Structures are given as structure tokens and as C-alpha cells.
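One structure below.
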Amino acid sequence: MQKYWHVLGVGIQNNLTYRVNYLTRTLFSFIPLFAMLSLWRTVYAGKGGGAPGGYTQSEMIFYYLMIAVVDVLTAVNDDDWQIAADIREGNISQFLLKPIDYLWYRLFLFFSGRVAFTAMAAVPLAAFIFCFRKNVVPPPDAATFGIFLVSLALTALLQFFISYAMAMLAFWLLEISTFIFILFAFEYIASGHLFPLSLLHSISPALEQALFFTPFPYQLYFPVSI
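Its first residue numbered 440, the sequence shown is counted upward by one per residue in the numbering used here.
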């Protein structure tokens with residue numbers, strides 16, 4: 440197991456080499472988040488105090504803040520592209536000759552990316568949340584917070600394994616970018632990134648229930664709803 444911890448350490452060092460890129464990516468990610476918050480403020484202003492889907496304006500803002508937090512901690516960066524490139528270029532064959540499992544190797548590289556990205560994103564994200572601090576709702580008790588942390592770990596693993604499985608298509612297909620983009624589109628909508636999935640209940644309860652038979656809601660919506 441020690442070799443995988445070494446992979447984690449080396450991965451963190453490599454990722455921190457590109458810390459300016461991480462910081463820039465974090466800052467630019469606030470643009471769509473701010474736009475979404477502004478959109479919902481306009482919606483609530485037009486409804487004159489109404490609560491779409493049972494969400495107050497403060498709860499809706501807090502929902503998107505939590506989406507940003509969970510996304511920073513669990514989202515896959517370029518792992519699927521890198522794994523597909525290893526397969527396509529034959530680099531994966533070297534792991535057949537070494538006492539290291541490729542799945543565990545990639546998993547710890549994924550963890551290293553999350554650690555580095557979280558370190559770079561922590562300050563600007565905290566500053567952004569501070570600006571909306573009046574909308575922040577602390578967990579009701581320690582048990583709820585503990586369950587939330589467990590859900591974060593499981594969400595990170597789910598995101599990684601979905602990307603890993605998608606990258607395995609490179610064994611049969613020369614180019615999988617189309618499938619990755621299609622998957623990203625599904626994830627963006629069906630994970631609750633675009634809007635809370637509970638809003639679907641008033642439109643199509645059957646669709647809302649069907650989504651929970653897919654892995655997508657458990658990537659963002661489920662941990663945030665805790």
C-alpha cells in the first residue's frame with residue numbers, strides 16, 4: 440500500500456506545479472455560479488416571495504453554494520482523458536510488468552488532483568461563500584455532518600469509477616471524446632448541477648423517480664440534500 444501513498448505524494452507535487460491554472464479555473468468557475476444565483480434572484484423577485492419547489496431564496500442560494508463545494512471536493516478533472524490516452528498510446532501495458540495495479544494507481548492520482556485543487560480553491564471559494572454568509576445554514580447536528588462527509592467520499596469514488604468506466608471504451612474505440620461530452624451533458628443536468636432535482640416533481644414525478652435509478656443524482660444532488 441505504501442507505493443500508492445507515494446503515487447499520491449508525487450501526484451500532489453505534480454498538480455501543484457500547475458497551481459496558477461487551478462486558481463484561474465476556480466475563479467472562472469465562479470462566473471456561471473454567480474450568473475445562476477443572479478438568475479434565481481430575478482425569478483424570486485418576479486414571484487413576489489413565492490417558493491419554487493418549496494425552496495426559499497436563501498435556501499436556493501445555499502443549494503448552489505453547496506453544489507460548488509461538493510464539486511470542488513469530488514469532481515473528476517482530466518482523469519478520463521488521461522486513462523483513455525494511456526490505453527490508446529499503449530502506456531497502460533507497462534503496468535502489466537510492474538507490481539502496481541492500474542486502477543489503484545489512477546485512483547490515488549485522482550485523490551492527489553482533488554487535494555491539490557481543493558488547496559488552490561479553498562481561499563477563493565471561502566471568500567465567495569463569505570459574501571453570501573447570511574444564506575449559509577449549518578448542519579443541525581454532528582451526526583448529519585458526519586453523514587455528509589461519508590457521502591462526499593462515496594460521491595468522489597462514484598465520480599471516479601464512472602469516468603474510469605467511460606475511459607475503458609478506448610479499448611474498442613479510437614476516439615471517445617464524443618461519449619465523454621455526452622456523459623458530461625447528462626451529468627450536468629441529471630446530477631442537480633443546473634437546478635435542484637426536486638423541482639422536477641411538479642413537472643414529472645415519474646421522471647424524478649427514474650433519475651434516481653441512475654448514478655447521476657448521487658454525484659451532487661444527494662450529498663447536498665443531506
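By construction, the Cβ of each residue, glycine as well, lies at the ideal position given by its N, Cα and C atoms.
The model shown is predicted, which means the values in this text are computed figures rather than measured ones.
- CA-CA distance, PRO656 to ILE539, rounds to 33 Å.
- Per DSSP, ASP580 lies in no alpha helix (DSSP H) segment and is marked neither H nor E.
- Annotation note: the stretch 612-658 contains the following uninterrupted alpha helix (DSSP H) runs of length 4 or greater, listed N- to C-terminal: 616-629, 644-650.
- A Cβ-Cβ contact shorter than 8 Å links TYR603 with ARG545.
- Annotation for ALA523: ALA606, ALA609, ILE615 place their beta carbon closer than 7 Å to its own, counting only its chain and skipping 5 residues before and after.
- ILE506 and HIS640 do not touch by the CB rule: their CB atoms are close to 19 Å apart, not below 8 Å.
- The C-alpha of PRO579 is placed about 32 Å away from the C-alpha of ASN516.
- In the three-state DSSP reduction, ASN516 falls in the coil class, being neither helix nor strand.
- Between the alpha carbons of LEU455 and ALA555 lies a distance of about 6 Å.
- It is roughly 27 Å from the alpha-carbon of ALA565 to the alpha-carbon of GLY493.
- Cβ neighbours of LEU622 within its own chain (closer than 8 Å, five residues either side excluded): ILE601, MET605.
- A Cβ-Cβ distance of about 20 Å is found for the pair ILE500 and THR583, leaving them out of contact under the 8 Å criterion.
- In this structure, THR653 sits near ALA629, with a CB-CB distance shorter than 8 Å.
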